[in-house]
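K.L.:
2 protein chains.
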Amino acid sequence: MTTIKDVARHAGVSTMTVSRVVNKTGYASGDTRARVEQAVAELGYVPNAVARHLRSKRTRTVALVLSDITNPFFTTIARGVEDVAAARNFAVMFCNTDESEVEENEHLQMLIERQIDGVLLVPSGSSPEPFRLLGSHNVPLVVLDRRVSSATMDEVRSDSEAGAYQLVRHLLELGHRRIAMLSGQRTISTAADRIAGYERALTEAGIPVDPALIRNDGFAVAAGRSAARHVLATRPRPTAIFAGNNFIAFGAIRAIRDLGLLVPEDVSLVCFDDVPDEWAIDPFMTCIVQDAYSMGRRAAELLLTRLTSDRPTKPRSIILPTKLVVRRSSAPPASIAAIVPS
Amino acid sequence: MTTIKDVARHAGVSTMTVSRVVNKTGYASGDTRARVEQAVAELGYVPNAVARHLRSKRTRTVALVLSDITNPFFTTIARGVEDVAAARNFAVMFCNTDESEVEENEHLQMLIERQIDGVLLVPSGSSPEPFRLLGSHNVPLVVLDRRVSSATMDEVRSDSEAGAYQLVRHLLELGHRRIAMLSGQRTISTAADRIAGYERALTEAGIPVDPALIRNDGFAVAAGRSAARHVLATRPRPTAIFAGNNFIAFGAIRAIRDLGLLVPEDVSLVCFDDVPDEWAIDPFMTCIVQDAYSMGRRAAELLLTRLTSDRPTKPRSIILPTKLVVRRSSAPPASIAAIVPS
DNA sequence: CTGTTAGCGCGTTCAG
DNA sequence: CTGAACGCGCTAACAG
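In the order they appear, the protein sequences are chains Z and S. For the first sequence, this note's numbering assigns the number 1095 to the initial residue and increments by one for each residue that follows. For the second sequence, this note's numbering assigns the number 1095 to the initial residue and increments by one for each residue that follows.
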């Protein structure tokens, strides 16, 4: 391995001069500069970033800690993060927590040891432990996707409550009055916020909230299927189902098919998150679309800007708007359709 | 920031003793050990991995360099890699190349500067540059998913040729004789290998290979759609289409629908790669399934074992088997179906 | 079982 | 415009 010393010797200058030429910092006469550059080329010198980082106290590395990179929503966020990081010469480490606070803490501990410059975190739980941990080591943090109650801090997420409200308004306007809500565990803020938006829309419309129609089985296909089975067994049967994300919706579709029912003739189905374009032969799901790629980009920009600029500014809260996309999975309930043919 | 010196002073021992206790290396009397551990706890000492790495010449970090983390196949690989790495206390950095050799080289350069311990690479091109680059800095490499001609090296991939052969055999057995093949750019070995398997099956069956039925438009939905449009315009119209991956297949489905044709009544459709379970309401595509998660795991295990064990061994080539899953998108061609009703 | 010395590769500091 | 000395935080190698 060739070090800065080898280059210095080869070029007949001091290591400092090499450092200055390589980093384009400080002056160097055209002649020395040329000699150094030639030596660098001849020896195939590559600066050692580890040594540099030991001095500079900066690693130009950020971490992305999320529940599961396999989830296309998070994958897209990851892509946004990496694009911004790469453009600014930052590297990105990623860690999966599987929604476990224990794993989350272990990863954060490891990242702190590695002197990471900042963390982008999709928090698994509601405990303030991660913030304490990172805070005590002065590691800048941007919270992604989810709301945390503990304190004000940098965060980038979609407005889940408003999106859910809008989606339920849409169903109400179609004439639905018995609407089920299938969401994730309430400890995850996106699940709770979507339920809140659902309840607000119902309450505003003067419809009592029926706890039997709200499920928190989880953000996965299997959970969605089982949750849908439960709400479809209530009487009168709900005429519409609001799935807290696309996985739940796909589970719900299976449950609906299991009963031999049709969407939207027998049950309308809407959800948070669209289906990735690639997998939708013929998009039919009415949904709320969040811009995961922008979420990743914005979060990374926020973090890197904090790291790069020295003047500290107030925590920023970036709430991205969502978009309602109406397709064919939502229609007036059968009873209305029968009376008011379109 | 508290360093090992602070702990040493606080515990009234030397830094070496602290180092030994913290790393559980070497002896330490119960008493000193206790004092050191208490000092660590009281001061909230966290070892600085950067300094450690400068000494040890090891960063316990590997990089995963691939074309696009957004592609679910690569995402799943990434998950496998991270699971293995985390279990062995390695961190993973990831980089997207978008199939650009320029970006690939820039990322590798950056990773070498960071003294990464090893690289898992899905090579973008066929140039030997990445191998030269990594080789000249003694960075262990495992090539993922794709074949490289340059030299023998560690690699983990599926048997694309055999999988393609099997898929085309399946179509031939159904009675198809005019089969189109839509694949990616031939510079990508998986594209070339799948075409090779296709040609071998045809040739063995005594069917001449018709260049008009082979397209290399790319591994994406849009490419698949346009490629399918082209082959469906040839006469006689192919009775079956083999899509080089699932994206291409989804593009093909759209092109088939554009023409008002049905799968499998008018055209059978088969492809490499399954559709992620979450997005298939009702799986219908006959396909070759590769185990992306295992691919990631195996590759990471191979790399980390090389890094951990000192004795160097011969390059290993791990070729994972693929599995044919027959579903409803493949059926006998119409002419046969008419003659031989099932 | 514990401490001392030295140095990983680089960049800041301060002289020249 | 250039160089010498020093130290970032840690651990290998050697004493004791």
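Note that beta-carbon positions come from the ideal geometry of N, C-alpha and C, so glycine has one too.
(1) To the nearest angstrom, how far is the alpha carbon of ASP1371 (chain S) from that of TYR1387 (chain Z)?
(2) Name, please, each residue of chain S whose Cβ falls closer than 9 Å to the Cβ of VAL1357 (chain Z).
(3) If you check the beta carbons only, do VAL1196 (chain Z) and ALA1394 (chain Z) fall under 7 Å apart?
(4) Compare the beta carbon distance of ASP1253 (chain S) and ILE1412 (chain S) with 7 Å and say whether it is the shorter of the two.
(5) What is the rounded straight-line gap between the Cα of VAL1115 (chain S) and the Cα of MET1389 (chain S)?
(6) Distance cutoff 7 Å, beta carbons only. Does LEU1148 (chain S) sit that close to anything in chain Z?
(7) So what does DSSP say about GLU1193 (chain Z), is it helix, strand or coil?
(8) Hey, ILE1350 (chain Z) and VAL1361 (chain Z): beta-carbon distance below 7 Å or not?
(9) Would you check if the distance between the CB atom of GLY1229 (chain S) and the CB atom of LEU1397 (chain S) is smaller than 7 Å?
(10) Short of 8 Å in beta carbon distance, which residues of its chain neighbour GLY1106 (chain S), apart from the five on each side in sequence? Order them along the chain.
(11) Comparing alpha-carbon positions, which option in S:ALA1425, S:PHE1167 and S:THR1096 lies nearest ALA1385 (chain S)?
(12) Strictly below 8 Å CB to CB, what residues from chain S border GLU1176 (chain Z)?
(13) How is SER1424 (chain Z) classed by DSSP in three states: helix, strand or coil?
(14) So with CB distances below 7 Å, who are the chain S contacts of MET1081 (chain Z)?
(15) Quick one: is TYR1292 (chain Z) buried, meaning 16 or more other Cβ sit within 10 Å of its Cβ, or exposed?
(16) Kindly list, in the order they appear in chain S, the residues whose Cβ is closer than 8 Å to that of SER1230 (chain Z).
(17) Strictly by DSSP, which residues pair up with PHE1366 (chain S)?
(18) How about PHE1313 (chain S) and PHE1341 (chain S): are their beta carbons less than 7 Å apart?
(19) What first and last residue would you give for the alpha helix (DSSP H) that runs through ILE1289 (chain S)?
(20) Taking ARG1129 (chain S) as part of the beta strand (DSSP E), name the residues at either end of that continuous run.
(21) Near ALA1425 (chain Z), what residues of its chain come up, given a Cβ to Cβ distance below 8 Å and the 5 sequence neighbours on each side ignored?
(22) What span of residues does the beta strand (DSSP E) with LYS1099 (chain S) cover, start to end?
(23) Here's the rule: buried if 16 or more other CB atoms are within 10 angstroms of the residue's CB, otherwise exposed. What is THR1297 (chain Z)?
(24) Using CA atoms only, rank isn't needed, just tell me which of Z:LEU1238, Z:GLY1318, Z:THR1284 and Z:ALA1245 is closest to LEU1276 (chain Z).
(25) Which full runs of the beta strand (DSSP E) of 3+ residues lie inside the stretch 1178 to 1246 of chain S, going along the chain?
(26) Is it true that the CB of LEU1205 (chain Z) sits closer than 7 Å to the CB of VAL1236 (chain Z)?
(27) Excluding five sequence neighbours on each side, which residues of the same chain lie with their C-beta closer than 6 Å to the C-beta of GLN1260 (chain Z)?
(28) Just the C-alpha distance for LEU1401 (chain S) and PRO1234 (chain S), rounded to the nearest angstrom, thanks.
(29) Apply the 10 Å Cβ neighbour rule to ARG1208 (chain S) and answer buried if 16 or more other Cβ atoms are within range, or exposed otherwise.
(30) Using 7 Å as the limit for Cβ to Cβ distance, is GLU1198 (chain S) near chain Z?
(31) On the CB-based measure, 16 or more other CB atoms within 10 Å of its CB, does GLU1136 (chain S) come out buried or exposed?
(32) With C-beta atoms as the reference, is THR1059 (chain Z) less than 7 Å away from PRO1409 (chain Z)?
(33) Given ASP1287 (chain S), which residues of its chain have a CB within under 6 Å of its CB, disregarding the five upstream and five downstream residues?
(34) Bridge partners for ILE1350 (chain Z) per DSSP, in chain order?
(35) What is the rounded straight-line gap between the Cα of PRO1141 (chain S) and the Cα of VAL1112 (chain S)?
(36) Note down, in chain order, each residue of its chain lying with its Cβ closer than 6 Å to the Cβ of ALA1290 (chain S), except the 5 sequence neighbours on either side.
P.N.:
To lay it out plainly:
(1) One-based indexing of the second sequence puts residue 1371 (chain S) at position 277. One-based indexing of the first sequence puts residue 1387 (chain Z) at position 293. Straight-line Cα distance between these residues: approximately 23 Å.
(2) In the first sequence, counting from the first residue as 1, residue 1357 (chain Z) sits at position 263. Those do not exist, as VAL1357 (chain Z) stays about 10 Å from chain S at its closest Cβ, beyond 9 Å.
(3) As a working mapping, residue 1196 (chain Z) is identified with position 102 in the first sequence. As a working mapping, residue 1394 (chain Z) is identified with position 300 in the first sequence. Not in contact: VAL1196 (chain Z) and ALA1394 (chain Z) (Cβ atoms no closer than 7 Å).
(4) Working through the second sequence from its first residue, we reach residue 1253 (chain S) at position 159. Working through the second sequence from its first residue, we reach residue 1412 (chain S) at position 318. Cβ distance not < 7 Å, so ASP1253 (chain S) and ILE1412 (chain S) don't count as in contact.
(5) As a working mapping, residue 1115 (chain S) is identified with position 21 in the second sequence. As a working mapping, residue 1389 (chain S) is identified with position 295 in the second sequence. In a straight line, the C-alpha of VAL1115 (chain S) is about 38 Å away from that of MET1389 (chain S).
(6) Walking along the second sequence from the start, residue 1148 (chain S) turns up at place 54. Yes, contact with chain Z.
(7) Numbered from its first residue, the first sequence carries residue 1193 (chain Z) at position 99. Coil at GLU1193 (chain Z), not helix or strand.
(8) The count along the first sequence starts at 1 and reaches residue 1350 (chain Z) at position 256. The count along the first sequence starts at 1 and reaches residue 1361 (chain Z) at position 267. Between ILE1350 (chain Z) and VAL1361 (chain Z), the CB-CB gap stays under 7 Å.
(9) Taking the first residue of the second sequence as 1, we reach residue 1229 (chain S) at position 135. Taking the first residue of the second sequence as 1, we reach residue 1397 (chain S) at position 303. No, they are not a contact pair.
(10) Translated into the one-based positions of the second sequence, residue 1106 (chain S) becomes position 12. Contacts found: ARG1129.
(11) Translated into positions along the second sequence, residue 1385 (chain S) becomes position 291. First, the amino acid is wrong: residue 1385 (chain S) is Asp here, not Ala. Among S:ALA1425, S:PHE1167 and S:THR1096, the Cα nearest to that of ASP1385 (chain S) belongs to S:PHE1167.
(12) The residue you call residue 1176 (chain Z) lines up with position 82 of the first sequence. Simply ILE1163, PHE1188, CYS1189 and ASN1190.
(13) Walking along the first sequence from the start, residue 1424 (chain Z) turns up at place 330. Note: SER1424 (chain Z) maps to coil in three-state DSSP.
(14) The structure shown does not extend to residue 1081 (chain Z), since chain Z is modelled only from 1095 to 1436, so the question has no answer here.
(15) Here residue 1292 (chain Z) is taken as the residue at index 198 of the first sequence, counted from 1. When all chains shown are included, TYR1292 (chain Z) counts as buried.
(16) The residue you call residue 1230 (chain Z) lines up with position 136 of the first sequence. Neighbours of SER1230 (chain Z) on chain S, chain order: GLY1138.
(17) By 1-based counting over the second sequence, the position of residue 1366 (chain S) is 272. Answer by DSSP bridge pairing, in chain order: S:ILE1382.
(18) Numbered from its first residue, the second sequence carries residue 1313 (chain S) at position 219. Numbered from its first residue, the second sequence carries residue 1341 (chain S) at position 247. Cβ distance < 7 Å, so PHE1313 (chain S) and PHE1341 (chain S) count as in contact.
(19) Here residue 1289 (chain S) corresponds to residue number 195 of the second sequence, with the count starting at 1. It spans 1283 to 1298 - the alpha helix (DSSP H) in which ILE1289 (chain S) sits, taken as one unbroken run.
(20) Reading the second sequence from its first residue, position 35 is the one you call residue 1129 (chain S). Per DSSP, ARG1129 (chain S) belongs to no beta strand (DSSP E); it is in the alpha helix (DSSP H), 1124 to 1137.
(21) Counting from one through the first sequence, the residue named residue 1425 (chain Z) turns up at place 331. Around ALA1425 (chain Z): LEU1268, PRO1358, GLU1359, SER1362 and ALA1431.
(22) Here residue 1099 (chain S) corresponds to residue number 5 of the second sequence, with the count starting at 1. Note, LYS1099 (chain S): premise wrong, no beta strand (DSSP E); alpha helix (DSSP H) at 1098 to 1105.
(23) Within the first sequence, numbered from 1, the residue matching residue 1297 (chain Z) stands at position 203. By the 10 Å Cβ count, THR1297 (chain Z) comes out exposed.
(24) Reading the first sequence from its first residue, position 182 is the one you call residue 1276 (chain Z). It is Z:GLY1318.
(25) DSSP runs (the beta strand (DSSP E)) wholly in the stretch 1178 to 1246 of chain S: 1185 to 1190, 1212 to 1215 and 1235 to 1238.
(26) Here residue 1236 (chain Z) is taken as the residue at index 142 of the first sequence, counted from 1. Here residue 1205 (chain Z) is taken as the residue at index 111 of the first sequence, counted from 1. In this structure, LEU1205 (chain Z) does not lie closer than 7 Å to VAL1236 (chain Z) by Cβ.
(27) On the first sequence, position 166 is the one that residue 1260 (chain Z) refers to. Contacts found: LEU1418.
(28) As a working note, residue 1401 (chain S) is residue 307 in the second sequence. As a working note, residue 1234 (chain S) is residue 140 in the second sequence. Taking the straight line joining both Cα atoms gives about 8 Å.
(29) Within the second sequence, the letter at position 114 stands for residue 1208 (chain S). Burial call: buried.
(30) Position 104 of the second sequence, counted from the first residue, corresponds to residue 1198 (chain S). Under the 7 Å criterion on CB atoms, GLU1198 (chain S) is classed as non-interfacial with respect to chain Z.
(31) As a position in the second sequence, residue 1136 (chain S) is number 42, starting the count at 1. GLU1136 (chain S) should be labelled exposed.
(32) Residue 1059 (chain Z) lies beyond the range of chain Z shown here (1095 to 1436); nothing can be said about it.
(33) The residue you call residue 1287 (chain S) lines up with position 193 of the second sequence. Cβ within range, chain order: SER1254 and GLU1255.
(34) Counted from its first residue, the first sequence places residue 1350 (chain Z) at position 256. Residue pairing from DSSP leaves ILE1350 (chain Z) without any beta-bridge partner.
(35) Counted from its first residue, the second sequence places residue 1141 (chain S) at position 47. Counted from its first residue, the second sequence places residue 1112 (chain S) at position 18. In a straight line, the C-alpha of PRO1141 (chain S) is about 10 Å away from that of VAL1112 (chain S).
(36) Translated into the one-based positions of the second sequence, residue 1290 (chain S) becomes position 196. Result list for ALA1290 (chain S): GLU1255, in chain order.
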